[in-house]
Amino acid sequence: MIERRPSRGLMVGAVPVGGGAPITVQSMTTTKTADVDGTLAQVYALKGAGADIVRITCNDVAAAQGLAEIVPRSPVPIIADIHFQHRLALAALEAGVHGLRLNPGNIRDPEHVKAVARAAAERHVSIRVGVNAGSLDKELLDRFGGPVPEALVASALREIGYLEAVGFSDIKVSVKHSHVPSMVESYRLLASQVPYPLHLGVTEAGPPPAGLIKSVAGIATLLMEGIGDTIRFSLTADPVEEAEAGRKLLEQLGLRERSGLDLIACPSCGRAEIDVVAVAAEAQRRLEAERIPIQVAVMGCVVNGPGEAREADLGIAAGRGKGHLFIKGNVIRVVPEAEMVDALVDEARRLAVEGVAARLAAADGLAGQLAEEAAAELLALQGDANHARERRARVADVARGA
Ligand code: SF4
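Letter by letter, the sequence shown follows residues 146 to 547 of the working numbering.
So this is what it looks like as structure tokens:
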């Protein structure tokens, strides 16, 4: 159980952030904001992929006007991303956005920041102080000798000071860095100095898989320490991938309930009776479309499969030309190899409606026996790759002093 750092709560539209609220997933659109229909289509896709909040750039007047049409039609709260021009923050507020992200590195006049804070307070809109190592104020870069964690935190604290000076406290903070250890250190430092909710991210992480690995390394490290209230994967990819990755990370850490499929599969080995990679990929594609919150296992052989995946709600293990369908490690049905994925999808639907106990009760009584026979047949054919029997015998000899 992760003990979370206490943080002050705020609302982004109807979504709570901080104050013990569930950790939220954010992503950002890549369309031109002036393209209202295109941007809205992406916002809907991001929501479908697991985003709770979506950020949209507000980089010119046409973008701000686009926001005025997008926000009322959006299924999730919208945050306007603001750089350089504080007037665009005021315009985004007028467009009805639920949150602002200000970059302290390029909106430098304290009076401009304070003017935005006053206007945001009137509308009960929160502000993220979004520090980025790549666009840090030159004066701080010179003072600290580079974008070190202390410089990022100093930038955040200075901007927070401007907001607090006008009584504004609906603040979120991020100190993103593209270098994972520096990102982790920056957030640790910040977490010890402010009461505000923190938005986690590794900036400019790049394309998957390296971008995913960097993001998970930084974000998961902090989440496991209890630091972080909302997250964003910054991938050079379709933003739907960002939202899916963020959602899956939170589910795997037990910080959000599983909303869909968790597919586990053995890595395959010489004992596999099927192309595990292909079957797992097809199972993933078809089961994800079902949107059933279920853990499903695809195992390459019936010798070890059902036992190793006994925690899975549902699974299939290959025997010679057959698939052994199992629920919680109990084989319930044997199907032809070509029908393995069909059987998984069919059983997943039934499990979702009827539950584990009913489906086990309805199991084919012969299936367990068939699985044992198939395992014995495979062992006879392939031998015991782990040499388990000989090892057990030797261990017993040693224990007896033989
Ligand atoms: S389940 Fe079977 S095929 Fe898959 S890794 Fe284990 S022994 Fe190999």
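For each residue, glycine too, the CB sits at the ideal point set by N, CA and C.
Closest residue to K467 among D458, R478 and L459 (Cα-Cα distance): R478
Heavy atom of the ligand SF4 within 7 Å of A417 beta-carbon: yes
Beta-carbon proximity list for I168, same chain, < 8 Å, skipping 5 on both sides: Taken in chain order, the residues that qualify are L368, G373, D374, T375, I376, L395, L400 and R401.
Run of the alpha helix (DSSP H) containing D491, from where it starts to where it stops: M485 to E499
Unbroken stretches of the alpha helix (DSSP H), 4 residues or longer, contained in the segment 403-449: 421-435
Reference L408; option with closest CA among E499, E427 and V206: E427
Paired residues, beta bridge with V162 - DSSP: L155
Inter-residue spacing [alpha-carbon to alpha-carbon] between V540 and N449: 21 Å
Runs of alpha helix (DSSP H) wholly within the segment 238-315 (minimum 4 residues, chain order): Runs found: 255-267, 283-289 and 294-310.
beta-carbon S413 near the ligand SF4 non-hydrogen atom, thresh 7 Å: yes
Distance between G275 and G244 (C-alpha atoms, nearest Å): It is roughly 12 Å from the alpha-carbon of G244 to the alpha-carbon of G275.
Residue from L357, V261, V320 and E456 with nearest C-alpha to S280: V320
Chain-order list of residues whose beta-carbon lies under 6 Å from that of A497 (same chain, five-residue window excluded): I437
Contact test: M173 Cβ vs the ligand SF4 heavy atom, cutoff 7 Å: No, the Cβ of M173 stays beyond 7 Å of every heavy atom of the ligand SF4.
Own chain, CB closer than 8 Å to H257, minus 5 neighbours either side, in chain order: H231
Check: V216 C-beta below 7 Å from any heavy atom of the ligand SF4: no
L459 - containing beta strand (DSSP E), residue span: L459 to G464
Opposing strand residues paired with F471 [DSSP bridges]: G460 and V476
Status (buried if at least 16 other CB within 10 Å, exposed otherwise) for M146: By the neighbour-count rule (16 or more Cβ atoms within 10 Å), M146 is not buried but exposed.
Sub-8 Å separation of R455 and K473 beta-carbons: With contacts defined as CB atoms closer than 8 Å, R455 and K473 qualify as a contacting pair.
Sufficient close CB pairs (3 or more, under 8 Å) joining the segment 376-395 to the segment 348-364: yes
Assigned exposure category for A310 - 16 Cβ within 10 Å defines buried: Flag for A310 reads exposed.
Inter-residue Cα distance where the pair is E227 and V216: Looking at the sequence shown, residue 227 is not Glu but Ile. Roughly 16 Å separates the two Cα atoms.
6 Å CB neighbourhood of V206 in its chain, flanking five on each side removed: none
Under 8 Å between C-beta atoms of L343 and L335: Yes, the pair counts as a contact, with Cβ atoms nearer than the cut-off.
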